[in-house]
Amino acid sequence: DAKTTQPNSMESNEEEPVHLPCNHSTISGTDYIHWYRQLPSQGPEYVIHGLTSNVNNRMASLAIAEDRKSSTLILHRATLRDAAVYYCLSPGGSGNTGKLIFGQGTTLQVKP
Amino acid sequence: DVKVTQSSRYLVKRTGEKVFLECVQDMDHENMFWYRQDPGLGLRLIYFSYDVKMKEKGDIPEGYSVSREKKERFSLILESASTNQTSMYLCASSPRDSRQGPGGEQYFGPGTRLTVT
Numbered sequence: 713d714a715k716t717t718q719p720n721s722m723e724s725n726e727e728e729p730v731h732l733p734c735n736h737s738t739i740s741g742t743d744y745i746h747w748y749r750q751l752p753s754q755g756p757e758y759v760i761h762g763l764t765s766n767v768n769n770r771m772a773s774l775a776i777a778e779d780r781k782s783s784t785l786i787l788h789r790a791t792l793r794d795a796a797v798y799y800c801l802s803p804g805g806s807g808n809t810g811k812l813i814f815g816q817g818t819t820l821q822v823k824p
Numbered sequence: 003d004v005k006v007t008q009s010s011r012y013l014v015k016r017t018g019e020k021v022f023l024e025c026v027q028d029m030d031h032e033n034m035f036w037y038r039q040d041p042g043l044g045l046r047l048i049y050f051s052y053d054v055k056m057k058e059k060g061d062i063p064e065g066y067s068v069s070r071e072k073k074e075r076f077s078l079i080l081e082s083a084s085t086n087q088t089s090m091y092l093c094a095s096s097p098r099d100s101r102q103g104p105g106g107e108q109y110f111g112p113g114t115r116l117t118v119t
């Protein structure tokens, strides 16, 4: 199972871009990289995932390094509602069992 | 909207009681998961199931069992509750979608905060 490493915490100012890094140096060539976030008192929610190419959706962008050993989640304009714990995940187990391994995540604080 | 519901938001049980935590999803997902979340330890996978009547141990299965008799329902059972099982329990489901590769998008329920006294 691939292991991911993220900073424990980050701070951002409201309406500024935020770049959340993740290292996954042991990821295999076919493993997707997933990002989730957990708002206070809620279950985690899916943010974005990718394999090799950069990905964009309505919530965020995902930039994946060419060697796939790291990725960056980009929030283009942070809002106070983006304050959450952000998890960078890799799949665990073989086959399509859907198992994901959650690490400690990065706690993002957004200052007004 | 995908919905994952859990039977209770808050539950208080006594040591030694048998506890059932129920999870239901309405999106016909193949995969279902039970996690517990504790401060400083993050989310840890207890059990998961990728088909009816199938189950696999996660990282911390001791003291727990599960049941998946129907596709939409995944139950977590604490055979004899202990105080160290006081935690937030989260259920999730995901489709087996080959386009997303292994993993897929997991949808989480709101969680059950269980206190064992």
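Residue numbers (our numbering), protein chains in the order written: chain A, 713 to 824; chain B, 3 to 119. Using N, Cα and C, we set each Cβ at its ideal position, and we do this for glycine too.
Quick check: what's the CA-CA separation for residue i versus residue j?
i, j, result
"Ser100(B)", "Arg16(B)", "Residue confidence for Ser100(B) is low, a pLDDT of 44 falling below 50, so the modelled location carries little weight and cannot support an answer."
"Asn789(A)", "Met34(B)", "As written in the sequence, residue 789(A) is Arg, which differs from the Asn given in the question. Between Arg789(A) and Met34(B), the C-alpha separation is close to 33 Å."
"Glu71(B)", "Lys55(B)", "6 Å"
"Ala775(A)", "Tyr748(A)", "15 Å"
"Cys93(B)", "Pro824(A)", "33 Å"
"Lys57(B)", "Phe76(B)", "10 Å"
"Tyr799(A)", "His731(A)", "13 Å"
"Leu23(B)", "Val68(B)", "9 Å"
"Pro104(B)", "Ser82(B)", "Because the pLDDT of Pro104(B) is 47, which lies under 50, any placement of that residue in the model is unreliable, and the question is left without a value."
"Ser51(B)", "Ser95(B)", "9 Å"
From the DSSP output, in three-state form, read off residue i for me.
i, result
"Asn735(A)", "strand"
"Asn86(B)", "helix"
"Gly793(A)", "Here residue 793(A) is Arg; the residue named in the question, Gly, does not match the sequence. Three-state DSSP puts Arg793(A) in a helix."
"Glu71(B)", "strand"
"Ile62(B)", "coil"
"Pro803(A)", "strand"
Grab the span of the beta strand (DSSP E) containing residue i for me, first residue to last.
i, result
"Asn725(A)", "Ser721 to Asn725"
"Leu744(A)", "At residue 744(A) the sequence reads Tyr, which differs from the Leu that was named. Note, Tyr744(A): premise wrong, no beta strand (DSSP E); not H, not E."
"Glu32(B)", "Glu32(B) -> no beta strand (DSSP E), and no H or E assigned at all."
"Ala775(A)", "Ser773 to Ile776"
"Tyr49(B)", "Gly44 to Ser51"
"Phe814(A)", "Careful: Phe814(A) lies outside any beta strand (DSSP E) and carries neither H nor E."
Can you tell me whether residue i is buried or exposed? The criterion is at least 16 other CB atoms within 10 Å of its CB, across all chains shown.
i, result
"Arg1(B)", "Look at the range of chain B in this structure, 3 to 119, and you will see that residue 1(B) is not part of it."
"Lys781(A)", "exposed"
"Ala117(B)", "Note that residue 117(B) is Thr in the sequence shown here, rather than Ala. Looking at its Cβ environment, which holds fewer than 16 other Cβ atoms inside 10 Å, Thr117(B) is exposed."
"Cys811(A)", "It should be pointed out that residue 811(A) corresponds to Lys in this sequence rather than to Cys. Buried, by the Cβ-count rule."
"Ile40(B)", "One point to set straight first is that residue 40(B) is Asp, not Ile, in the sequence displayed. It counts as exposed."
Any heavy atom of the ligand MG closer than 6 Å to the beta-carbon of residue i?
i, result
"Ala775(A)", "By its list of ligands, the structure shown contains no ligand whatsoever, and the ligand MG lies outside what it can speak to."
Using a Cβ-Cβ cut-off of less than 9 Å, give me the residues of the stretch 33-50 of chain B that come near chain A, in sequence order.
-> Asn33, Met34, Phe35, Tyr37, Gln39, Gly42, Leu43, Gly44, Leu45, Arg46, Leu47 and Phe50
Interface positions of the stretch 105-117 of chain B facing chain A (Cβ-Cβ less than 8 Å), listed along the chain | Gly105, Gly106, Glu107, Gln108, Tyr109, Phe110, Gly111, Pro112 and Gly113
Under 7 Å (Cβ pairs) to chain A, residues found in the stretch 7-23 of chain B | none
Chain A contacts from the stretch 47-78 of chain B (Cβ-Cβ distance under 8 Å) = Leu47, Phe50, Tyr52, Glu58 and Gly60
Can you list, in chain order, the residues of the stretch 728-757 of chain A whose Cβ is nearer than 8 Å to any Cβ on chain B?
-> Thr742, Asp743, Tyr744, His746, Tyr748, Gln754, Gly755, Pro756 and Glu757
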